[in-house]
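A.B. asks:
Protein chains: 2
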Amino acid sequence: WARAVRGLLLDVSGVLYDSGGDGGVPIAGSMLALPRIKASGLKLRFCTNETQATREKFVKKLQGMGFDISVADVTAPAPAACRILKERSLRPHLLVHNDLVPEFAEIDKTNPNCVVIGDAAENFTYANLNEAFRVLTGLEKPVLISLGRGRYYKETDGLKLDVGAYMKALEYACDVQAEVVGKPAKMFFESALAEMGVPPQEAIMIGDDIVNDVGGAQRCGMRALQVRTGKYRPCDENHPHVKPDAYVNNLAEAVDVILQQL
Amino acid sequence: WARAVRGLLLDVSGVLYDSGGDGGVPIAGSMLALPRIKASGLKLRFCTNETQATREKFVKKLQGMGFDISVADVTAPAPAACRILKERSLRPHLLVHNDLVPEFAEIDKTNPNCVVIGDAAENFTYANLNEAFRVLTGLEKPVLISLGRGRYYKETDGLKLDVGAYMKALEYACDVQAEVVGKPAKMFFESALAEMGVPPQEAIMIGDDIVNDVGGAQRCGMRALQVRTGKYRPCDENHPHVKPDAYVNNLAEAVDVILQQL
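Taken in order, these protein sequences are the chains called A and B.
The first sequence runs 1 to 262 under UniProt numbering.
The second sequence runs 1 to 262 under UniProt numbering.
Structural data, given as structure tokens:
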């Protein structure tokens, strides 16, 4: 199944490293996997739902750990959201992590006519959620844009609720359906593929999230591997709807398997 | 439609008073409505989803405003939840308001095997929600009991997200369905009716919440009036599924209408 592969899309958190308060810890073998992919001639792109930092800051953190990665290699939700906001003349009220705010520097945020929610972490306070709710419920036609729909993720100090949980809270309170930017949205994978210049049939997604990485990529016509690192849990292998093209123990093994079959 | 009425169920917040940080403000005319109901011979019971305080404290607050109400007149979710916890040997992790905790004094809370969520207000912190999530996700069969499923309510300083929004966040993150205690659960209305000794066909519910008060009561075979106070919004009158038996401007008008037709 790995024949006719020209490009790899890699999730980052839970695949390259386990994130945590102090920056995170590389996953064994992942550091050496990246140069092997590049040496093989395969195209490589990082496709992340990370919204706790600007891409610049995110990439610096990874470089600091020793990963060979640059901003131009990363597809992330905030820039995609900015394109949508501009196209539709939307002025967001932001419920996002402080470190993500600079991505919206060029966006008019006065007199908001929509809410953008990201993984706000410590900014998910009772007061901030009430405020976002009041903005939405004060609009004649509430527009909620969510940077991902992840349920939870793993940090070094334990599992954390992800943006999707808070998105659901606001959806329910306002009786609206959020527009999701980021994985598993089809448009998001498609833009990552376009940036890489590879059609879906010739690309493989590698991720730890059975629904957002594996399911999302497969719905775009890509193949997808699930790594048994990060937020992976054994019960993922009994998922009622999503079945990866293969399981691998980690990124290093994924690269072994793919390069062997080229 | 008010003939053959023997009892009234009254919602409290948004019907008797508008709640707020400092206790709240009586709604015009509601203070005099209660003695008129009692003088008419109609049975009267308060049916509230209030979970920010014990019934004792809640009733004291109302008495302090001048309302003639006692603890024995109130049906509230926490005592109903305690009955369920005991019956099923469930040991809760509590995500509730500090002032509600005494209602669970007699319940074993060691080594939790379920989560009980109420309107925790300021206790709805990022850390507390992550903690509740971790308890649930660590259980082989997660059990989430929610003290109501309200979407929002109005306090004197604005609209606030209610327990239902946070219930949805945990439901989504854990892929579970909460068991709801409180309005609009049928069992909750039925226990209020039993305590009053009146069958549903001879009872009228008066509330400000189109779904939880009006819809819930009607599904039990009661009639229901919506007051245009509290969280009422004009768009409620176009609700796709729920239609009250009548609208009234406030509790005083509801009592006028009902007593006239007796």
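Virtual Cβ for every residue (Gly too), placed ideally from N, Cα, C.
The alpha helix (DSSP H) that contains Pro92/B, what's its start and end?
C.D. replies: As a working note, residue 92/B is residue 92 in the second sequence. Not the alpha helix (DSSP H): Pro92/B falls in the beta strand (DSSP E), residues 92–95.
A.B. asks: Is it right to say Met187/A is buried, meaning 16 or more other beta carbons lie within 10 angstroms of its own, or is it exposed?
C.D. replies: On the first sequence, residue 187/A is found 187 positions in, with the first residue counted as 1. So Met187/A counts as exposed.
A.B. asks: Does DSSP classify Glu155/B as helix, strand or coil?
C.D. replies: By 1-based counting over the second sequence, the position of residue 155/B is 155. If DSSP states are grouped into helix, strand and coil, Glu155/B belongs with the strands.
A.B. asks: Are three or more beta carbon pairs between the segment 161–172 of chain B and the segment 66–73 of chain B nearer than 8 Å?
C.D. replies: Contact fails: fewer than three Cβ-Cβ distances are below 8 Å.
A.B. asks: If we ignore side chains and look at the alpha-carbon of each, how far apart do Ala80/A and Ala132/A end up?
C.D. replies: Taking the first residue of the first sequence as position 1, residue 80/A is located at position 80. Taking the first residue of the first sequence as position 1, residue 132/A is located at position 132. Spanning the two alpha carbons is a distance of roughly 21 Å.
A.B. asks: Taking Cβ to Cβ, would you say Leu90/B is nearer than 8 Å to Val143/B?
C.D. replies: In the second sequence, residue 90/B corresponds to position 90, counting from 1. In the second sequence, residue 143/B corresponds to position 143, counting from 1. Closer than 8 Å, so yes.
A.B. asks: Relative to the C-alpha of Asn98/A, which candidate in Arg88/A, Ile117/A, Asn113/A has its C-alpha closest?
C.D. replies: For the purposes of this step, residue 98/A is taken as residue 98 along the first sequence, with counting starting at 1. When only C-alpha atoms are compared, the closest one is Ile117/A.
A.B. asks: On the DSSP letters alone, give me the boundaries of the beta strand (DSSP E) that Met205/B sits inside.
C.D. replies: By 1-based counting over the second sequence, the position of residue 205/B is 205. Residues 203–207.
A.B. asks: Ala173/B lies in the alpha helix (DSSP H); which residues open and close that run?
C.D. replies: Residue 173/B sits at position 173 when you count from the first residue of the second sequence. Where Ala173/B is concerned, the enclosing alpha helix (DSSP H) stretches over 163–174.
A.B. asks: Cutting at 7 Å between CB atoms, please list the residues of its own chain near Glu190/B, excluding the five before and the five after it.
C.D. replies: Indexing the second sequence from 1 puts residue 190/B at position 190. The answer, listed in chain order, is Cys220.
A.B. asks: Determine, using beta carbons only, whether Ala217/A comes closer than 8 Å to chain B.
C.D. replies: Stepping through the first sequence from its first residue, residue 217/A is reached at position 217. Cβ-Cβ to chain B under 8 Å: no for Ala217/A.
A.B. asks: Pull up the distance between the alpha-carbon of Leu193/A and that of Pro200/A, whole angstroms please.
C.D. replies: On the first sequence, position 193 is the one that residue 193/A refers to. On the first sequence, position 200 is the one that residue 200/A refers to. Each residue's Cα considered, the two are about 7 Å apart.
A.B. asks: Phe188/B touches chain A at which residues, Cβ-Cβ below 9 Å?
C.D. replies: The residue labelled residue 188/B in the question sits at position 188 within the second sequence. Within chain A, no residue comes near Phe188/B; the closest Cβ sits about 20 Å away, beyond 9 Å.
A.B. asks: Output, in sequence order along the chain, the residues in the segment 157–168 of chain A whose CB is closer than 9 Å to any CB in chain D.
C.D. replies: Protein chains in the displayed structure are A and B, and chain D is not among them.
A.B. asks: Of the choices Asp256/B, Val176/B, Val181/B, Val198/B, whose alpha-carbon is the least far from that of Leu85/B?
C.D. replies: As a working note, residue 85/B is residue 85 in the second sequence. If we check each option's Cα against that of Leu85/B, Val181/B comes out closest.
A.B. asks: If you measure from the beta carbon of Ala121/A to each beta carbon in chain B, is any gap under 8 Å?
C.D. replies: The residue you call residue 121/A lines up with position 121 of the first sequence. Taking Cβ atoms only, chain B reaches closer than 8 Å to Ala121/A, which makes this a yes.
A.B. asks: My parser needs the beta strand (DSSP E) runs of 3 or more residues fully inside the segment 210–252 of chain A; what are they?
C.D. replies: The qualifying runs are 223–227, 246–248.
A.B. asks: Among Val115/B, Ile204/B, Cys235/B, Ala4/B, whose alpha-carbon lies nearest the alpha-carbon of Arg134/B?
C.D. replies: Locating residue 134/B in the second sequence gives position 134, where the first residue counts as 1. Checked all of Val115/B, Ile204/B, Cys235/B, Ala4/B; the closest Cα to Arg134/B is Val115/B.
A.B. asks: Give the residues of chain A in contact with Ala173/B, contact being defined as C-beta atoms less than 7 Å apart.
C.D. replies: Here residue 173/B refers to the residue found at position 173 of the second sequence. Arg151, Tyr152, Leu161, Ala165, listed in chain order.
A.B. asks: Can you tell me whether Pro102/B is buried or exposed? The criterion is at least 16 other CB atoms within 10 Å of its CB, across all chains shown.
C.D. replies: Within the second sequence, numbered from 1, the residue matching residue 102/B stands at position 102. With fewer than 16 other Cβ atoms within 10 Å, it is exposed.
A.B. asks: Below 8 Å, can you find three or more Cβ-Cβ pairs linking the segment 225–233 of chain A to the segment 146–165 of chain A?
C.D. replies: Yes, since at least three Cβ pairs between the segment 225–233 of chain A and the segment 146–165 of chain A fall closer than 8 Å, the two stretches touch.
A.B. asks: Beta-carbon of Arg134/A versus every beta-carbon of chain B: anything under 8 Å?
C.D. replies: In the first sequence, residue 134/A corresponds to position 134, counting from 1. With 8 Å as the cut-off, Arg134/A counts as an interface residue toward chain B.
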